[in-house]
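Notes follow once the structure below has been shown.
Numbering (my numbering), first residue to last: -9 to 120.
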């Protein structure tokens, strides 16, 4: 299975199973074979801001930041979209706020097509990098 076939099948399956559009795109340049699965830009309006006790926003750690709906498209997925995408792909929890990255290999493509189509993966991708 090549990247373009995987993109088309994942996109179609997620739309059929959820009733809404999902952004399934292929990388460019050196990331050409990678696939990103996320909500479309218009639904990606969530961002993070420092809490009032975090002067200047310099303190690291999630306890010093809060997620909020910025109303600006092209940011991160909402908690609801993260939970739904995680469920649709058969994960134990929500997807990451910036979506799901599918590495460039046939095994990873097959795994994520199986997940998107609602099946237990027939193969699990194995990292091929250091």
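Even glycine gets a Cβ: it sits at the ideal position worked out from N, Cα and C. On a predicted model such as this, the values are computed, not experimentally measured, just so you know.
Nearest CA to the CA of residue i: which residue from the options?
| i | options | result |
| --- | --- | --- |
| residue 63 | 40, 33, 81, 84 | 33 |
| residue 82 | 65, 99, 105 | 105 |
| residue 27 | 113, 119, 84 | 84 |
| residue 66 | 38, 77, 76 | 38 |
| residue 111 | 80, 25, 9, -3 | 80 |
| residue 9 | 116, 100, 99, 74 | 74 |
What span of residues does the alpha helix (DSSP H) with residue i cover, start to end?
| i | result |
| --- | --- |
| residue 114 | Element bounds for residue 114: n/a, residue is neither H nor E. |
| residue 96 | 96 to 106 |
| residue 69 | 69 to 78 |
| residue 5 | -7 to 8 |
Provide the residue span of the beta strand (DSSP E) that contains residue i, from first to last.
| i | result |
| --- | --- |
| residue 62 | No beta strand (DSSP E) holds residue 62; DSSP gives it neither H nor E. |
| residue 13 | 13 to 16 |
| residue 26 | 25 to 28 |
For my contact list, residue i and residue j are in at a C-beta cut-off of 8 Å; report their separation, rounded to the angstrom.
| i | j | result |
| --- | --- | --- |
| residue 35 | residue 59 | 5 Å |
| residue 16 | residue -7 | 5 Å |
| residue 93 | residue 24 | 6 Å |
Between which residues of its own chain and residue i is the CB-CB distance below 7 Å, once the five residues before and five after are set aside?
| i | result |
| --- | --- |
| residue 21 | none |
Helix or strand or just coil, what does DSSP make of residue i?
| i | result |
| --- | --- |
| residue 34 | coil |
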